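Please read the structure below before turning to the comments.
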Amino acid sequence: DGGRTPDKASVDLRLLCYRPWFGHATRVVEVARHLILAGHDVHVVTGAPDYVFTTEIESPRLFLRKVLLDCGAVQADALTVDRLASLEKYSETAVVPRDTILATEVKWLKSIKADLVVSDVVPVACRAAADAGIRSVCVTNFSWDFIYAEYVMAAGHHHRSIVWQIAEDYSHCEFLIRLPGYCPMPAFRDAIDVPLVVRRLHKSRDEVRRELGIADDVKIVILNFGGQPSGWTLKEDYLPHGWLCLVCGASESLELPANFMKLAKDAYTPDMIAASDCMLGKIGYGTVSEALAYKIPFVFVRRDYFNEEPFLRNMLEFYQGGVEMIRRDLLTGHWRPYLERAISLKPCYEGGINGGEVAARILQDTATGKNYTSDKLSGARRLRDAIVLGYQLQRVPGRDLSIPEWYANAENELGLRTGSATAEMNDDSFAMASYPEDFEILHGDVMGLSDTVNFLKELLELDAVLDSGKNPRSAR
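Numbering (the working numbering), first residue to last: 4 to 479.
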């Protein structure tokens, strides 16, 4: 992998991945692989097992350093995030020792002569890069200020400083490489959208089934749960007759019935997913992106307080690739109707799956001195993100986050978007006037954006309510 001569001057990139399992590490490895193919040295700071990287990258240009710089979300169980514990753990991991972390990371960055810091999405990494005088970029579909903001609403305002500090750290990075299914991220100055970052396949469906001893006509569901609920027992009658279930990450002590098969700890998950007929699990970036890329229907169970989920679910369902299973049916084994529904779906994602390559090219250009032109619509993007973030924080506790249609549509209308799924647009979308005639635009232009026009119309309606009985006044 590291034998190719680079077209540009060799650079030394440092990538950060904080999570010990898939999702973040798996997309980091895909970006790192393309950077190493281009001839660059890549230092990965991670808590993930070595095999996540070494099974995909065999190169002396890859350097692994085991350090955890934040903690993510603490789970009360397999399906529930403990909001207060998450904030307390983050404070313990990244706030209390912050000065020591910054001093250590700045010293290390200077020692390896790094040209660029890439974070997914460790906040303090951006600040450490700034203190070391090194440019930084984030690659992600969500940010921790968005995730933790709701936790603060529930846990108490004494944790508010955590969110402000995270947002301030992110503001030090040059720009965001934004992945499909993204959440609002107003802290970042600019965003560049890329296609799905998906790990490549190593083996064909036929090869995988042959090695596992599974006939081609057997229906397979892969259970990709990242940790099963405590005390859960899998039973033979959970599956339709003739089906087989491949179980990822099962403990050595877990006993399985004859129609369940335990996969090895280091089994290459993308190959297993692509060889299956459907997948059952929790929504995360890795599972959703690979289900879409390989057109595998995904039966999913919602998680409590997992705030990036609605945006990924929106993308999954838009491309007709998702079936929601209620938690009770998962735990009691009432799987049959969901699995049968899943195999009737025809997932229709046809977008790019080369996000790792695209992101690597952007990072290489940035590290060698190219300045990406600031997006003239960055202000509008950040405003949209801030509005949707506000929606989330003000919603009734326990109520699902509803993603406004205009949030999914706005950038697609300008042909700028390569990311999240959008509602289907019709030819009448641009038939409306550039702006309501009741407004006189003194500066700028609405640029044909329907969300801006609708916002102005809503202001007029509010004005009419407040000024009942009178004609709407001309607004300036």
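Backbone N, C-alpha and C fix where the C-beta goes; we use that ideal spot for every residue, glycine too. None of these values were measured; they are calculated from a predicted model.
Take VAL125 as the anchor and find which of TYR93, CYS186, HIS160, ALA35 has the nearest alpha-carbon. TYR93
By how many angstroms is the C-alpha of VAL197 removed from the C-alpha of THR290? 18 Å
LEU179 - partner residues in DSSP beta bridges: CYS141, ALA194
Measuring only between beta-carbons, confirm whether LYS206 sits less than 8 Å from chain C. Among the protein chains of the structure shown there is no chain C, as only one such chain exists.
My guess is that PHE314 and TYR185 are in contact by the Cβ rule of under 8 Å, so how many angstroms apart are they, rounded? 6 Å
Per DSSP, cross-strand counterpart(s) of PHE301: MET282, GLY325
Taking the CB atoms as reference points, tell me whether MET491 and SER146 lie closer together than 8 Å. The chain is shown from 4 up to 479; residue 491 falls before or after that span and cannot be answered.
By Cβ distance below 7 Å, which residues in the same chain neighbour LEU237 in space, the five residues on each side in sequence not counted? LEU259, PRO260, PHE263
What residue from ILE150, LYS222, VAL211 has the CA that sits closest to ALA190's CA? ILE150
If you pair each beta-carbon of the region 126–133 with each one of the region 170–186, do three or more pairs fall below 8 Å? yes
Using C-beta distances below 8 Å, list every residue in its chain close to GLU360, excluding the 5 sequence neighbours before and after it, in chain order. HIS37
Three-state class that DSSP yields for ARG202 in the structure shown: coil
Tell whether a beta-carbon distance below 8 Å holds between ASP274 and VAL211. yes
Spatial distance of LEU40 from TYR54 (CA atoms): 19 Å
How far does the beta strand (DSSP E) with ALA79 in it extend, from its first residue to its last? 78–80
On the three-state DSSP scale, how would you describe ALA424? Here ALA424 scores only 39 on pLDDT, less than 50, and its place in the model is too uncertain to base an answer on.
Would you kindly work out how many angstroms separate the C-alpha atoms of LEU82 and TRP246, rounded to a whole number? 25 Å
Quick check on the DSSP output: what are the complete beta strand (DSSP E) runs of length 3 or more inside the region 73–107, in order along the chain? 78–80
Mind checking who ARG68 pairs with in its DSSP beta bridge? VAL48
Just the C-alpha distance for ARG101 and LEU72, rounded to the nearest angstrom, thanks. 9 Å
Quick one: Cα of ALA218 to Cα of CYS248, how far? 13 Å
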